[in-house]
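Trainee:
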Amino acid sequence: MATRAPQIDGRRKAAAARRRARKEEIIAATREIFDSKGVRDVQIEEIASAVGINRAIVYRHFTGKEELFALTLVGYLDELHDAMRSAVDSSPDAREQLIAVVGAFFDYGVAHPAFVDCALALMVRPGDELLDDISEGALFRLGRGITSCMTILSEVLADGIGAGSFTVRGDPAVVANTMYASGLGALQLARLGILVTEAAPGIPTVAELSSDLVRDYVVNSALALVTAPRPATA
Numbered sequence: 000m001a002t003r004a005p006q007i008d009g010r011r012k013a014a015a016a017r018r019r020a021r022k023e024e025i026i027a028a029t030r031e032i033f034d035s036k037g038v039r040d041v042q043i044e045e046i047a048s049a050v051g052i053n054r055a056i057v058y059r060h061f062t063g064k065e066e067l068f069a070l071t072l073v074g075y076l077d078e079l080h081d082a083m084r085s086a087v088d089s090s091p092d093a094r095e096q097l098i099a100v101v102g103a104f105f106d107y108g109v110a111h112p113a114f115v116d117c118a119l120a121l122m123v124r125p126g127d128e129l130l131d132d133i134s135e136g137a138l139f140r141l142g143r144g145i146t147s148c149m150t151i152l153s154e155v156l157a158d159g160i161g162a163g164s165f166t167v168r169g170d171p172a173v174v175a176n177t178m179y180a181s182g183l184g185a186l187q188l189a190r191l192g193i194l195v196t197e198a199a200p201g202i203p204t205v206a207e208l209s210s211d212l213v214r215d216y217v218v219n220s221a222l223a224l225v226t227a228p229r230p231a232t233a
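Residue numbers for the sequence shown follow numbering that gives the first Met the number 0, beginning at 0 and rising by one.
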């Protein structure tokens, strides 16, 4: 018995390593499909085929499509974190850091439209549904990926407040989360590329909307949000 225990333990570790490797292989295949054709209409069967397995094996590793999408999103968030961190390091000035960080977020989203699709696909789901459909471990990884990006923005805001450069009404973390959500919406608008206006009262018209124009708006909106004048005191 003394010799069997280490053997059993070794086999368990080897099996766990194989499961982790298979799981990462499925996530990598999902990312490759997302990057090549987008998120919409991607089916589990297509992902399984890319790995050379059947869909039943995919469901052995993930609770469902939502969990697989969430863990694929983690990879995008890790890359976004690196881009945002580099943006912060580009200048010691809080205002320039904010411009660079918001710009880096927007540029990453333009370069990786599947990131936007994946993030929005999860954001439109009620929180209680996500808790039901995604395992605790996957939610932890997703939350860690999101907060790693949010923390960078929150730190820029907090440092700007401390230096007297910014005036933020409310919790910087809430402001950072709002910027993140509105930024995803702006990225979707930039991809749509259509500006809806009125040619005359009650007469709608559409015009082309450039990504650069949306980017400028997102950056300027972020600056306006943190440089609003302090409310007058009696």
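All C-beta atoms, glycine included, are put in the ideal place defined by N, C-alpha and C.
On a predicted model such as this, the values are computed, not experimentally measured, just so you know.
Within a Cβ cutoff of 7 angstroms, which residues of the same chain sit near residue 134, ignoring the five residues on either side of it in sequence?
Mentor: Around residue 134: 62 and 66.
Trainee: Taking 7 angstroms as the line, does the beta carbon of residue 116 fall inside it for any heavy atom of the ligand GDP?
Mentor: This structure lacks the ligand GDP; in fact it carries no ligand of any kind.
Trainee: Start and end of the beta strand (DSSP E) containing residue 194?
Mentor: Start and end: 193-199.
Trainee: Measuring CB to CB, does residue 175 end up less than 8 angstroms from residue 147?
Mentor: Cβ atoms of residue 175 and residue 147: not closer than 8 angstroms.
Trainee: Helix, strand or coil for residue 52? Go by DSSP, reduced to three states.
Mentor: Reduced to three states, the DSSP call for residue 52 is coil.
Trainee: Using only the alpha-carbon positions, how far apart do residue 158 and residue 23 sit?
Mentor: Cα to Cα, the separation comes out at about 37 angstroms.
Trainee: Since residue 204 is in the beta strand (DSSP E), which residue starts that stretch and which ends it?
Mentor: Its beta strand (DSSP E) spans residues 202-207.
Trainee: Whole angstroms is fine: what's the gap from residue 81's alpha carbon to residue 69's?
Mentor: Their Cα atoms are separated by approximately 19 angstroms.
Trainee: From residue 118 to residue 72, what distance separates their C-alpha atoms?
Mentor: Going from the Cα of residue 118 to the Cα of residue 72 covers about 7 angstroms.
Trainee: Measure the alpha-carbon distance for residue 18 versus residue 78 and round it to whole angstroms.
Mentor: Taking the straight line from one Cα to the other gives about 24 angstroms.
Trainee: Provide the residue span of the alpha helix (DSSP H) that contains residue 150, from first to last.
Mentor: First-last of the alpha helix (DSSP H) with residue 150: 135-161.
Trainee: So the candidates are 37, 40, 57 and 13; which of them puts its Cα closest to the Cα of residue 26?
Mentor: Ranking 37, 40, 57 and 13 by Cα distance to residue 26 puts 57 first.
Trainee: Residue 31 to residue 90, Cα distance in whole Å?
Mentor: Approximately 34 angstroms, taken between the alpha carbons.
Trainee: Grab me the residues of residue 222's own chain with a C-beta within less than 8 angstroms of its C-beta, minus the 5 sequence neighbours each way, in chain order.
Mentor: Closer than 8 angstroms at the Cβ level, and outside the excluded window around residue 222, lie 94, 97 and 98.
Trainee: My guess is that residue 113 and residue 34 are in contact by the Cβ rule of under 8 angstroms, so how many angstroms apart are they, rounded?
Mentor: Yes, they are in contact, since the Cβ atoms of residue 113 and residue 34 sit about 6 angstroms apart, within 8 angstroms.
Trainee: In this structure, does DSSP put residue 16 in helix, strand or coil?
Mentor: Residue 16: helix per DSSP, three-state reduction.
Trainee: Do you know how far the Cα of residue 180 is from the Cα of residue 20?
Mentor: One C-alpha to the other measures close to 32 angstroms.
Trainee: Rounded to the nearest angstrom, what separates residue 178 and residue 165 at their Cα positions?
Mentor: Each residue's Cα considered, the two are about 15 angstroms apart.
Trainee: Between residue 203 and residue 195, how many whole angstroms is the CB-CB distance? I'm expecting something under 8 angstroms.
Mentor: Rounded, the Cβ-Cβ distance is 6 angstroms, consistent with contact.
Trainee: Could you tell me if residue 233 is buried or exposed, where buried requires 16 or more neighbouring beta carbons within 10 angstroms of its beta carbon?
Mentor: Model confidence at residue 233 stands at a pLDDT of 44, short of 50, so the residue's coordinates are unreliable; what they give is reported in the following sentence. Its Cβ having fewer than 16 others within 10 Å, residue 233 is exposed.
Trainee: According to DSSP, is residue 226 part of a helix, a strand, or is it coil?
Mentor: Residue 226 falls in the strand class under three-state DSSP.
Trainee: Should residue 205 go down as buried or exposed, given a rule of 16 or more other Cβ atoms within 10 Å for buried?
Mentor: So residue 205 counts as exposed.
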